[in-house]
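Step one of this worksheet: look at the structure below.
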Amino acid sequence: MKSHWRSLGAGLLLTVLPFLLFWQIWWPGVDPRPAFAHGDFVEQHYPMRVFVARELRQGHLPLWDPYTFGGEPAVAESLFEVFYPLGFWQAIFPDRLPFRALELEAIFHLGLAGVFTYLFVKQLTGRTEAGLLGGIAFSLGGYLTSYPMLQMIILEAAIWLPATLWLLELSFQKRSLTYSIAAGAMLALSVTAGHFQTVMYILYTVTAYFLFRAWQLKLGWRFTLKTALALGGVGLGLSAAQWLPSLQMARFSPRAALEYADVSRGFALQELWGFLRPNPGEWSPLYVGLLPLGSALAGLWLWRRREVWFWAVTIFLALLLSMGGNGFLYPLAYKIVPGFGMFRDQERIAFLMSFGLAVLAGYGYAALASKRWWPRFVAPLLLCLAFLDLFRANSGVILKVPPTGGYFAQSEVATHLEQANDGISRISSEGLLPGGPNAGLVFRIRDVTGSGPLYLAKWEQFLDSVPELRWWQMLNIRHVLTERRIDHGALKLVLEEGEERLYQLYLEGQPAWLAHAAKIVTDVDAAIRCTADPSLDPYQTVVLEEQPNPLPQPASGPENVRVVTFESRRVAVDVSLSTPGIVVLSEVSYPGWVARVNGQKVPSLRAFGVLRAVALPQGAWRVEWSYEPTVAWLGIAISALTLVSVGVPMTVRWQKDRVQRTPR
Numbered sequence: 284m285k286s287h288w289r290s291l292g293a294g295l296l297l298t299v300l301p302f303l304l305f306w307q308i309w310w311p312g313v314d315p316r317p318a319f320a321h322g323d324f325v326e327q328h329y330p331m332r333v334f335v336a337r338e339l340r341q342g343h344l345p346l347w348d349p350y351t352f353g354g355e356p357a358v359a360e361s362l363f364e365v366f367y368p369l370g371f372w373q374a375i376f377p378d379r380l381p382f383r384a385l386e387l388e389a390i391f392h393l394g395l396a397g398v399f400t401y402l403f404v405k406q407l408t409g410r411t412e413a414g415l416l417g418g419i420a421f422s423l424g425g426y427l428t429s430y431p432m433l434q435m436i437i438l439e440a441a442i443w444l445p446a447t448l449w450l451l452e453l454s455f456q457k458r459s460l461t462y463s464i465a466a467g468a469m470l471a472l473s474v475t476a477g478h479f480q481t482v483m484y485i486l487y488t489v490t491a492y493f494l495f496r497a498w499q500l501k502l503g504w505r506f507t508l509k510t511a512l513a514l515g516g517v518g519l520g521l522s523a524a525q526w527l528p529s530l531q532m533a534r535f536s537p538r539a540a541l542e543y544a545d546v547s548r549g550f551a552l553q554e555l556w557g558f559l560r561p562n563p564g565e566w567s568p569l570y571v572g573l574l575p576l577g578s579a580l581a582g583l584w585l586w587r588r589r590e591v592w593f594w595a596v597t598i599f600l601a602l603l604l605s606m607g608g609n610g611f612l613y614p615l616a617y618k619i620v621p622g623f624g625m626f627r628d629q630e631r632i633a634f635l636m637s638f639g640l641a642v643l644a645g646y647g648y649a650a651l652a653s654k655r656w657w658p659r660f661v662a663p664l665l666l667c668l669a670f671l672d673l674f675r676a677n678s679g680v681i682l683k684v685p686p687t688g689g690y691f692a693q694s695e696v697a698t699h700l701e702q703a704n705d706g707i708s709r710i711s712s713e714g715l716l717p718g719g720p721n722a723g724l725v726f727r728i729r730d731v732t733g734s735g736p737l738y739l740a741k742w743e744q745f746l747d748s749v750p751e752l753r754w755w756q757m758l759n760i761r762h763v764l765t766e767r768r769i770d771h772g773a774l775k776l777v778l779e780e781g782e783e784r785l786y787q788l789y790l791e792g793q794p795a796w797l798a799h800a801a802k803i804v805t806d807v808d809a810a811i812r813c814t815a816d817p818s819l820d821p822y823q824t825v826v827l828e829e830q831p832n833p834l835p836q837p838a839s840g841p842e843n844v845r846v847v848t849f850e851s852r853r854v855a856v857d858v859s860l861s862t863p864g865i866v867v868l869s870e871v872s873y874p875g876w877v878a879r880v881n882g883q884k885v886p887s888l889r890a891f892g893v894l895r896a897v898a899l900p901q902g903a904w905r906v907e908w909s910y911e912p913t914v915a916w917l918g919i920a921i922s923a924l925t926l927v928s929v930g931v932p933m934t935v936r937w938q939k940d941r942v943q944r945t946p947r
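In structure tokens form, the structure reads like this:
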């Protein structure tokens, strides 16, 4: 019982310490109150989480985002964290998600990192103080408290490594598949957090640790195989709702074309001094504190067990890989190790160095504490000094005083656009809305701009290749926010705010139109090149990548197309055609958008490389597009089936065990 209370107290302490590190965020009366610095947290994570929280609050599953990049699958863009359970709580806010709420979620995850590391290290060493030192070193060290706080999905993916290893270690020591299943659930949480580079590092580390411990403990092939199936099956199954649609979208994103020069950046040799000293006022991703570092070295010297050297080798390999093209190991890994050619910024593997040093610090303290001459009263002092060192190094580094009114202040431009918003037309903000390129998610304004790692490469190619006036018209742009001065008869300056100018467009763009001629090309690149041709009239001739059926014919009488329903996941138009023709919808084409004519499913065509279209015969028709992402629903079904198949038997078993333990 005493040990239970000590662990509870240690967990509470590790949960509280990150809030002390970031006390300026929540302490009353701080003026001016700083916030997380402008960067990915502001431009990407907050707007996306605002959208998800709003959709969940309204009872909708956030499958499609109509506000950025002209429209994109939110369920596939992992930054939205649609299926991350620890983000669901934000749906409780009746209005827009407060910025500070997301900051507090990030800080809380630092606490979880500390608690999980404590549990793992204590399990390995049997000492509470060793677990506390490891928890402080990892959760408050320079890695997690630097850019992972601003690139939130890195933080929220990384913290599940110690939880997975702790449960896996329990599974080995107790010969229990129940803990293996729980470890698989922790892996699934890491995947749903959405940073697949960090997930890759976790998978390699967990696999190596699994094989090492299975060999060291001589578990036998039957139990080892069962444990592997439980761990991997539950991890993959529970997270399928996230990784299946993300895998599909990755094929269409710019990441599919990354080359060595794009991904090989890493630490320079001189930056490795960061192990020994923090960078004053800057990020210090390699710094875990002098005391934890010294304790880790003591662990290598005093604790001669193989598991200590497992972590030493892990740290050494991560160090070499973190240098990217500046070292010799990453170029080899790029060629032969699956996954290492898919992600940028090889410095991020410092995550494993930070965690490995935290584990070794725990081993080192346990080795020292086992000596007869080691005074017991030293532990609280060392823990306090470790915290103060990391507080000095990392407190306030990622904090800045935001603009007056916050990053997403209600500017005059934003107010005008909200009032003029008809829910169908778009703007081209050039990333100048308050808060950045994804601010449309916050203000509910449909924008062609966006920010995120996964987006449609062909959308970017379309905007870069097609003349601006043409795509303004084709994409139904009604306002342009720019720092340029534009002199054109179809543009009217309606607002000027500092260096920013808001123009209203009179180009007669439409959400849908009819075409009676088609040009067939071989692929999407050819379609975009053809659309960029000045001689093409996109309102007369549609560019397709396959033969339409029926073939369009010249119009012979009056015709009409009218939007009757326009929702994020459903659009319906009424069409009247005098002869066979093609209706083009000024919305992004993506797998999962299903077309129906008078309720009957028909082939949906891709027009101009990026838009949706349907070929129709003569007559009056209702054409409806609905977003029915088969891959996403398959992933959701797999996740649900895994949850039921694992959760129900475990619940029944828990109930039986509780009944058996109840005194009669």
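Numbering (the working numbering), first residue to last: 284 to 947.
Virtual Cβ for every residue (Gly too), placed ideally from N, Cα, C.
List the endpoints of the continuous alpha helix (DSSP H) containing residue i.
i, result
"T597", "R589 to S605"
"Y648", "A633 to A652"
"T824", "It is not in any alpha helix (DSSP H) - T824 instead sits in the beta strand (DSSP E) that spans T824 to L827."
"V404", "F382 to T408"
"H953", "For the chain, the structure presents residues 284 to 947; residue 953 sits outside this window and is missing."
"A798", "Note, A798: premise wrong, no alpha helix (DSSP H); beta strand (DSSP E) at A795 to A798."
"Y492", "F479 to L500"
"A359", "Careful: A359 lies outside any alpha helix (DSSP H) and carries neither H nor E."
"S454", "W443 to K457"
"A669", "V661 to N677"
Just the Cα atoms here: how many angstroms apart are residue i and residue j?
i, j, result
"W288", "A650", "24 Å"
"R709", "Y822", "18 Å"
"S536", "A722", "21 Å"
"K654", "Q406", "20 Å"
"G735", "G719", "12 Å"
"F891", "H321", "36 Å"
"L402", "R659", "21 Å"
"E842", "V858", "8 Å"
"P368", "L385", "14 Å"
Assuming residue i contacts residue j (C-beta within less than 8 Å), just tell me the rounded distance between them.
i, j, result
"G275", "T461", "Past the boundaries of the shown model lies residue 275; the chain is included only from 284 to 947, so the question cannot be answered."
"T411", "S290", "7 Å"
"T481", "F324", "With 8 Å as the limit, T481 and F324 do not qualify as a contact, their Cβ atoms being about 16 Å apart."
"T982", "G417", "With the chain covering 284 to 947 only, the question about residue 982 has no answer from this structure."
"L643", "L682", "Not really, about 30 Å apart at Cβ, beyond 8 Å."
"E701", "T765", "Not quite, the Cβ-Cβ distance comes to about 19 Å (not below 8 Å), so this is no contact."
"I598", "L640", "6 Å"
"F638", "F421", "5 Å"
Give the range of the beta strand (DSSP E) segment to which residue i is assigned.
i, result
"G902", "G902 to Y910"
"A878", "W876 to V880"
"T848", "N843 to E850"
"K775", "L774 to E780"
"T805", "Per DSSP, T805 belongs to no beta strand (DSSP E) and is neither H nor E."
"L868", "G864 to V871"
"V856", "R853 to L860"
"E743", "From DSSP, E743 is part of no beta strand (DSSP E) but of the alpha helix (DSSP H) over A740 to S748."
"E783", "E783 to L788"
Apply the 10 Å Cβ neighbour rule to residue i and answer buried if 16 or more other Cβ atoms are within range, or exposed otherwise.
i, result
"G409", "exposed"
"E542", "exposed"
"A981", "Beyond the ends of the chain as shown, which are 284 and 947, falls residue 981; an answer cannot be given."
"F611", "exposed"
"T687", "exposed"
"I419", "buried"
"F755", "The amino acid occupying residue 755 in the given sequence is Trp; Phe does not appear at that position. Flag for W755 reads buried."
"Q327", "buried"
"G414", "buried"
"P932", "exposed"
Hey, does residue i have any beta-carbon neighbour from chain D nearer than 7 Å?
i, result
"Y786", "This model lacks chain D altogether; it includes just one protein chain."
Does the Cβ of residue i lie closer than 6 Å to at least one heavy atom of the ligand HEM?
i, result
"E338", "Judged by which ligands are present, the structure shown has none, so any question about the ligand HEM falls away."
Discussion item. Below 8 Å, how does it come out for the region 805 to 812 and the region 823 to 830: are there three or more Cβ pairs, yes or no?
Written reply: yes
Worksheet item: Are at least three pairs of beta-carbons, each pair with one atom in the region 661 to 671 and one in the region 601 to 609, less than 8 Å apart?
Response: no
Discussion item. Does the structure place the region 335 to 352 close enough to the region 851 to 870 that three or more beta carbon pairs sit under 8 Å?
Written reply: yes
Worksheet item: Is the region 435 to 446 in contact with the region 465 to 481, if contact means three or more CB pairs nearer than 8 Å?
Response: yes
Worksheet item: Touch check for the region 912 to 929 and the region 509 to 525: three-plus C-beta pairs under 8 Å?
Response: yes
Practice prompt. Report yes or no: do three or more beta-carbon pairs, one from the region 357 to 367 and one from the region 331 to 340, lie closer than 8 Å?
Written response: yes
Worksheet item: Between the region 733 to 750 and the region 352 to 361, do at least 3 Cβ pairs fall closer than 8 Å?
Response: yes
Worksheet item: Do the region 866 to 877 and the region 901 to 910 touch if we need at least three Cβ pairs shorter than 8 Å?
Response: yes
Practice prompt. Indicate whether the contact test is met: 3 or more Cβ pairs, each with one atom in the region 566 to 577 and one in the region 765 to 774, closer than 8 Å.
Written response: no
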